[in-house]
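Take 1 as the starting number for the sequence shown in UniProt numbering and just add one per residue. Everything below concerns the one structure shown next.
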Amino acid sequence: MQRDLGSFPLSPGVRVKLVSAGFQTAEELLEVKPSELSKEVGISKEEALETLQIVRRECLTNKPRCVGTAESGKKCTALELLEQEHTQNFIITFCSALDNILGGGVPLTKTTEICGAPGVGKTQLWLATLYKSPSQKESAVLFQITPQGFRDAVVATSCSLQTEGSLNYRKRSRESEEEQESKD
């Protein structure tokens, strides 16, 4: 069975250069030396070596990744997806308590949402994990900052009594401050 190069965890830049040079399947790369691949594709020798190592490692495992029907042209069973999830790598945060909460670290190829009050270190956590990607030199991370109101609305709805009480308390304290200022 010939496996398409699009199903391998290669950087997009290398993948484009491989396809442009005429490589379509993994079998076409298995007998190529890194120096030959470097010259033919126009990438550095290090990138060529890393590409060949990834392709050979993935081919030796004999477990094709279930990327989805749109990219790979094959379907996966729920069991295959579950097995793939159990063998998935993580980016460790070097904070054992946080790694335990996250089930071993920040999972690769998953969406992870970290929310909390301003100033607790959400942005610092994500910026620190960007440099700890275990696999490739070139990788992509989507880091999205959403408006704070999105989470606050959900929390406020689920805890309406507590929220209303704290808002009323704040209003009263502001009114009393304004009264004090007007008296002065």
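Cβ atoms here follow ideal geometry from the backbone N, Cα and C, with glycine treated the same way. Being a predicted model, the structure only gives us computed values, none of them experimental.
- Rounded to whole angstroms, the gap between the alpha carbons of residue 91 and residue 42 is 31 Å.
- In this structure the segment 47-55 does not lie against the segment 73-84, because fewer than three pairs of beta carbons, one per stretch, are closer than 8 Å.
- Taking C-beta atoms as the reference points, residue 26 and residue 40 fail to come closer than 7 Å.
- Only buried fits residue 105, as 16 or more other CB atoms lie within 10 angstroms of its CB.
- 7 Å or more divides the Cβ of residue 18 from the Cβ of residue 34.
- When 77, 93, 121, 14 are compared, the shortest CA-CA separation from residue 108 is found for 93.
- Here residue 60 is exposed, its C-beta having fewer than 16 other C-beta atoms within 10 Å.
- The bridge partners DSSP lists for residue 54 come to none.
- Residue 8 is not a Cβ neighbour of residue 80, given a cutoff of 7 Å.
- Going by beta carbons, residue 47 and residue 14 fall inside the 7 Å limit.
- For residue 101, the enclosing alpha helix (DSSP H) starts and ends at 96-101.
- In the structure shown, the three-state DSSP call for residue 107 is strand.
- When rounded, the separation of the alpha-carbon atoms in residue 95 and residue 11 is 29 Å.
- Under DSSP, no beta-bridge partner is assigned to residue 23.
- A check of alpha carbon separations from residue 98 across 75, 110, 119, 126 identifies 126 as the nearest.
- Beta-carbon to beta-carbon, residue 110 and residue 116 are separated by about 19 Å, too far to satisfy the 8 Å threshold.
- Boundaries of the alpha helix (DSSP H) around residue 34: 34-41.
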